[in-house]
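For the sequence shown, our numbering begins at 146 and goes up steadily by one.
Working notes, beginning with the structure itself.
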Amino acid sequence: MAHRYKFLILFLIFFIPVYVWAQNEIIKIIYCYDGDTCTSSKGEKIRLACIDTPELRGIRAAPEKARAARDHLRSLLAGKEIHIKRISKDRHGRTVGELFADGLNVQEEMVADGFAKIYKKYAFQCAWSK
């Protein structure tokens, strides 16, 4: 019985701080492909959680709106300290996460400013989008 408690204590000591750290990591965004996909300085591809923006290419492409969304996202991130709250990985291997620029929820701002819509299928992942 005591062995189980030791395992639980070790788990809590070593794994929870790593999880919490990953949730609040400061990152540097070096490139935004469109209004909901960016790349960090470490090469991590990040899909902004809970929002959907116009596509640059493909069947449903709306290039002008997509470029406007991308440019607005870049302006929200430019010169600011960026925190990431990682949620999961998507089917393309990208990190799905919420970005915060100087404490401001970037996804929420993209929606409020009219450059993105709440992605209803995944809205449950973000408290603000419910």
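Beta carbons are placed, not taken as given, at the ideal position from N, Cα and C, and that holds for glycine.
- Under the 8 Å Cβ criterion, the stretch 184 to 192 does not count as touching the stretch 249 to 262, having fewer than three qualifying pairs.
- The beta carbon of residue 242 sits closer than 8 Å to the beta carbons of 191, 192, 193, 194, 229, 230, 231 and 232 from its chain, once the five residues preceding and following it are set aside; these are given in chain order.
- A distance of 8 Å or more separates the beta carbons of residue 179 and residue 261.
- Assignment of residue 247 by DSSP, reduced to helix, strand and coil, places it in the coil class.
- Our two residues, residue 266 and residue 236, have alpha carbons roughly 15 Å apart in a direct line.
- Considering only 196, 210 and 223, the residue with the shortest C-alpha distance to residue 269 is 196.
- Residue environment for residue 204: exposed (fewer than 16 other C-beta atoms within 10 angstroms of its C-beta).
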